[in-house]
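This note's numbering numbers the first residue of the sequence shown as 182 and each following residue consecutively.
Even for Gly, the Cβ is constructed at its ideal location relative to N, Cα and C.
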Amino acid sequence: MKKILKNVQPSIRAYLGLACCYSIIDEQAFNSGWVYDKYIHLEYTSYDSQIKYADYEHYDFVSAQGVFAKSFIEYPYDFCSETIFCDYICKMLDEGEYCFALWNETIITNYLYEKQNPGIYEHGCFVYGYDKDKKVFYTQGYFDNENWEHAQIPFEIFYEALSYCPEKGEIALIGYREIPDYKWESNIPKMIRELNVYKRNSKNDCEDTRYDLNAILSFFANLRLGVPVHVPSLYCIYEHKVLFEKRLDFMKKEGVPIKESDLNKAKELIKTSRKVMLLGKYYNSNLQESSFAAMLDAAKKLIELERDFCEGGLQLR
């Protein structure tokens, strides 16, 4: 017996919680334009030196957006077993409910890549299908190389990873179920309003340097040679520019007077931010001064391009 729920390549996947959600709703969110009044603002958080979407904490997405019905189960650890838990997850999937939980991802990567790494790496997992004949769950995530991957995890390995912490006293699962009559609608006035806020936040003389273009500036200003750069932050910056261009294109098709030159500038931001991301990943592979300098030079160009775009280009009313 086999059950695989809808699962597509997520366009928004800088962070696991959002990627899992968009692997379900990506088509509706983009085709309707619903996504484009969201993810406009970036935030630099100094406590962890990372870049995130300012208005959307990824693990709060489900409850905040009203797209999914959400359920919880906490099963007492002493009464758990592989059979009980795997059967329960299969029943969730049979009823159209995706499963999210925390596991020790070290166990998973040791299995997938034939490693013997010690320790616990607590991370989220997302299950969208099963095959009882093969005794595997279908899951996805960032496992070992910062790339979005799909994997088939045997029930035995899956349960071992899920039951990594008896001290918690229970094993918890979260179920996501799409709300069938959710209204996928775009909000052009909000897009215009928030893009104008983005422009103001991105000015060189803006006092608050936590947001938008100044967030990117703060992120790179606080990097240190010899310390790996946070890859999800790099991807978030790149993803933000991709969304920026798609948003402008959508707005133009909806009748907003977006100039072709603005779309071309947005495409240039995508190219430059992708270069920054790739140089950052290359720097992480060697931690050399020359690689660090190349990444920062590309980031400087990105910031200059976008500053010019925000201050002298894009005009929205």
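Contacting residues, own chain, Cβ-Cβ under 7 Å from residue i (five flanking each side not counted)
i    : result
Y302 : N285, E286 and T287
L186 : L274, G277, Y279, Y309 and G310
S192 : Y203, D207 and F211
Range covered by the alpha helix (DSSP H) that runs through residue i
i    : result
P413 : V412 to K434
L444 : E441 to N467
S471 : E470 to D489
Under the three-state DSSP convention, the category residue i falls into
i    : result
P191 : coil
W284 : strand
Q321 : strand
Y357 : strand
Q209 : helix
Y220 : coil
P409 : coil
E278 : coil
K380 : helix
K184 : strand
D316 : Asp is not the amino acid found at residue 316; the sequence shown has Lys there. In the structure shown, K316 sits in coil (DSSP, three-state: anything other than H, G, I, E or B).
Y203 : helix
C267 : helix
P438 : coil
Y345 : coil
Alpha-carbon to alpha-carbon, residue j and residue i
i    : j    : result
K440 : E492 : 15 Å
M182 : M273 : 14 Å
E485 : P299 : 44 Å
N467 : A480 : 19 Å
F249 : I355 : 12 Å
F400 : A474 : 15 Å
E487 : L450 : 7 Å
D325 : L497 : 42 Å
V216 : D259 : 43 Å
Y345 : T320 : 18 Å
N368 : R374 : 10 Å
K380 : I221 : 11 Å
Own chain, CB closer than 8 Å to residue i, minus 5 neighbours either side, in chain order
i    : result
M336 : Note that residue 336 is Phe in the sequence shown here, rather than Met. Cβ neighbours of F336 beyond the five flanking positions: E263, C267, K316, V317 and F318.
Q190 : S204, D207 and W329
Cross-strand partners of residue i (DSSP beta bridge)
i    : result
Q231 : T226
W365 : Note: W365 sits in no beta bridge, so no partner.
Y392 : E224
E351 : P257
Unbroken beta strand (DSSP E) run spanning residue i, endpoints
i    : result
D312 : E303 to D312
F253 : F249 to P257
K296 : Per DSSP, K296 belongs to no beta strand (DSSP E) and is neither H nor E.
E516 : The requested residue 516 does not occur in the structure, where the chain is confined to residues 182 to 498.
Same chain, Cβ closer than 6 Å to residue i, neighbours up to 5 away in sequence not counted
i    : result
S230 : N403
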